[in-house]
Amino acid sequence: MAEPGPTPLVRTQGLSRDFAVGGGMFGRRRVLQAVREVTLDVPRGRVTGVVGESGCGKSTLARLVLRLLDASAGSVHFEGIDLAGLPAGELRRLRRRMQMVFQDPYSSIDPRYTVREALREPFRIQGVAQSPAQATAAVARLLDIVGLSAALADSYPHQLSGGQKQRVGIARALALEPDFLVLDEPTASLDVSIQAQIVALLERLRAELGLTYLFISHDLGLVRYFCDRVVVMYLGSIVEILPEARATPRHPYTRALLDSVFEPDPTRRRRVARLTGEIPDAFDPPPGCAFAARCAHADELCRQQRPSLATAAGHAVACHHPLS
Ligand SMILES: Nc1ncnc2c1ncn2[C@@H]1O[C@H](COP(=O)(O)OP(=O)(O)OP(=O)(O)O)[C@@H](O)[C@H]1O
Ligand code: SF4
Ligand SMILES: [Mg+2]
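So the sequence shown is numbered by our numbering: it starts at 108 and just counts up by one.
Next up, the structure:
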């Protein structure tokens with residue numbers, strides 16, 4: 108019998124979230140399934156990437172995993188503990204161990220705060236008492252680990268560059284010494300050269316602090332570079348899980364995403380199949396495969412029956428006709 112693997116740090120099972128929109132005076136109440144039955148393990152000490160186009164449910168999944176949002180169905184376990192069953196006090200204590208880094212780090216910080224105040228806030232929220240000397244030391248330590256000068260402590264966000272602001276966002280997420288970071292497009296609004304610096308910083312921090320990451324991006328090229336495993340989402344569902352970032356995709360959607368990754372050679376660029384066609388209406392998903400309208404391999408079976416996620420040798424694909 109195969110040895111059971113180590114328990115993942117985070118495990119989601121059948122995780123789903125619906126949003127009801129409209130109703131009342133504004134017409135018909137419609138329900139959108141932002142995340143549909145996501146079952147996923149996040150192994151400890153590794154980087155799990157989540158990739159997909161805008162609106163496919165990445166940020167909703169991120170918020171569900173951290174229980175910043177309640178699920179409509181399914182569960183999230185952190186080290187085997189069901190987050191839904193936890194009393195508020197225990198959830199708050201566990202929250203110290205899981206943090207989020209946002210695309211725009213100051214979206215969740217008062218813009219009137221200096222860097223020092225922004226970095227002290229997590230301690231205040233968690234009720235961690237600090238003497239003035241301890242607070243000063245903690246701010247200095249956090250600035251140092253993200254490669255920022257201590258002289259920036261009294262700066263306001265408008266005085267910082269985009270890269271510096273994101274370093275503050277990362278420092279803030281690290282303030283309470285978490286184990287798990289959910290990084291929601293942390294480099295999406297940065298210039299390419301600054302993006303590379305932030306990715307290098309995240310890599311160093313993961314190795315030095317033994318962190319586990321769930322790294323969300325719409326950029327498959329970046330995810331394949333940075334992540335150990337890649338989860339591909341389409342219209343709220345997982346359509347493929349690459350067990351290694353370099354594994355050859357078997358789902359036509361992932362293949363198309365890969366083909367539309369920036370190809371510097373203009374003679375090749377014309378030959379690659381670009382991702383064309385519309386994403387279906389999330390309020391009215393098709394009965395079969397959600398990708399069928401954009402897929403060159405779609406047949407009657409695809410249009411009628413939704414493919415389920417099937418795993419072979421750790422590689423999961425939801426497709427009736429997976430590519431070889
Ligand atoms: N609070 C909400 N109320 C209603 N619909 C919502 C809400 N939050 C998200 N949605 C919808 O759920 C779907 C998934 O949104 P989500 O923000 O998770 O996508 P995403 O993959 O993060 O997109 P992006 O790449 O643009 O950040 C979208 O159709 C979105 O409009
Ligand atoms: S199930 Fe059919 S339509 Fe969907 S991705 Fe596979 S081949 Fe294409
Ligand atoms: Mg998002």
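We put the CB at the ideal spot given by N, CA and C, even for glycine. Please read all numbers here as calculations on a predicted model, not as lab measurements.
A127 has V138 as its beta-bridge partners, per DSSP.
Using a Cβ distance threshold of 8 Å, S262 and T221 count as a contacting pair.
Here E292 is buried. Its C-beta has 16 or more other C-beta atoms within 10 Å. Short note on D177: C-beta not closer than 7 Å to any heavy atom of ligand 3.
Contact annotation: V424 and H325 have beta-carbon atoms that are not nearer than 8 Å. Here V299 is exposed, its C-beta having fewer than 16 other C-beta atoms within 10 Å.
Distance between P229 and T243, taken at the CA atoms: about 14 Å. Counting only residues of its own chain and dropping the five nearest sequence neighbours on each side, D125 has a CB closer than 8 Å to the CB of V138, L139, Q140, A141, S179.
C-alpha of Q302 to C-alpha of T294: approximately 5 Å in a straight line. Between ligand 1 and G129, a heavy atom-to-CB distance of less than 7 Å is absent. The Cβ atoms of G276 and F209 sit closer than 8 Å to each other. With a contact defined as Cβ atoms closer than 8 Å, V172 and L321 qualify at about 7 Å. If you draw a straight line from the Cα of L316 to the Cα of S182, it comes to about 28 Å. Judged by pairs of C-beta atoms under 8 Å, the stretch 147-165 does not touch the stretch 197-212, as fewer than three such pairs exist.
For a cut-off of 8 Å, the C-beta gap from S415 to R143 is around 12 Å, too long to register as a contact. In the three-state DSSP reduction, H184 falls in the strand class (E or B).
In the DSSP assignment, F333 falls within the alpha helix (DSSP H) that extends over 327-333. In terms of CA proximity to L168, L122 leads the group L122, P115, F185. Minimum Cα-Cα distance from I252 among the listed residues L288, L309, A236 corresponds to L309. One residue after another in chain order, those with a Cβ under 5 Å from a heavy atom of ligand 2 are P359, C396, F398, A399, C402, H404, A405, C409, P414, C426, H427, H428. Measuring C-alpha to C-alpha distances from G421 to each of R410, L147, H427, S215 identifies L147 as the nearest. D291 has its CB nearer than 7 Å to a heavy atom of ligand 3. Contact check for A417 against C409 fails: the beta carbons are separated by 8 Å or more.
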